[in-house]
Amino acid sequence: MPNHASTALVPFSEYLPARRKTAPRTDAPGADAYALSSGATRLENNAQVERYLPDILGRALARSWIDADFRAKFLQDPRGTLAAHRIELPPAIVMEVVTKGQTRPMVVVSERLKGSAQTRRLMYLQLVMVAGK
Numbered sequence: 010m011p012n013h014a015s016t017a018l019v020p021f022s023e024y025l026p027a028r029r030k031t032a033p034r035t036d037a038p039g040a041d042a043y044a045l046s047s048g049a050t051r052l053e054n055n056a057q058v059e060r061y062l063p064d065i066l067g068r069a070l071a072r073s074w075i076d077a078d079f080r081a082k083f084l085q086d087p088r089g090t091l092a093a094h095r096i097e098l099p100p101a102i103v104m105e106v107v108t109k110g111q112t113r114p115m116v117v118v119s120e121r122l123k124g125s126a127q128t129r130r131l132m133y134l135q136l137v138m139v140a141g142k
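Per the working numbering, the very first residue in the sequence shown carries number 10; after that it's consecutive.
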């Protein structure tokens with residue numbers, strides 16, 4: 010019987026994602042190395058938007074820093090860009106990317122109030138560079 014003893018200081022599992030032997034699928038629409046979500050995502054209400062959208066938009070903002078084509082599409086039509094990456098938002102959610110007067114783009118997410126032209130801001134996101142010691 011062969012000895013599979015490891016010399017690692019910390020035990021690890023052979024089944025960790027980092028040891029995956031096959032590459033992730035890239036043939037699905039919107040799938041790429043910098044995916045905004047792990048699969049098709051449908052946010053159906055404000056609670057889901059407030060819970061999951063900050064992570065998705067954080068990835069989108071980070072990608073916009075390194076991918077000029079993605080940045081141009083995202084600045085022009087943030088909702089359409091998310092839809093191209095299989096992320097569906099409720100119809101009442103309005104997104105706007107603000108660049109004027111900003112050094113970095115800021116995404117403002119609002120909810121269109123029923124029976125009114127007014128909106129209520131749910132959140133805004135902007136990448137912030139932080140360094141620590």
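Just so you know, even glycine gets a beta-carbon here, dropped at the ideal spot from N, CA and C.
Would you mind stating whether Phe83 and Ala69 have Cβ atoms separated by less than 8 angstroms?
yes
Taking 8 angstroms as the cut-off, decide whether the C-beta atoms of Gln135 and Met115 are in contact.
yes
Whole angstroms are fine: how far does the CA of Ser47 sit from the CA of Val58?
16 angstroms
Relative to the alpha-carbon of Trp74, which residue among Arg113, Thr90, Asn55 has its alpha-carbon at the smallest distance?
Arg113
Beta-carbon spacing of Arg60, Glu97 below 8 angstroms
no
Cβ neighbour criterion (16 or more within 10 Å) applied to Arg72:
buried
Any C-beta of chain B sitting closer than 8 angstroms to the C-beta of Gly48?
The structure shown has no chain B; it contains just one protein chain.
Enclosing alpha helix (DSSP H) for Gln85 [first to last residue]
77-85
Taking 8 angstroms as the threshold (C-beta atoms), are Glu120 and Thr108 in contact?
no
Going by DSSP, which residues form a beta bridge with Gln135?
Met115
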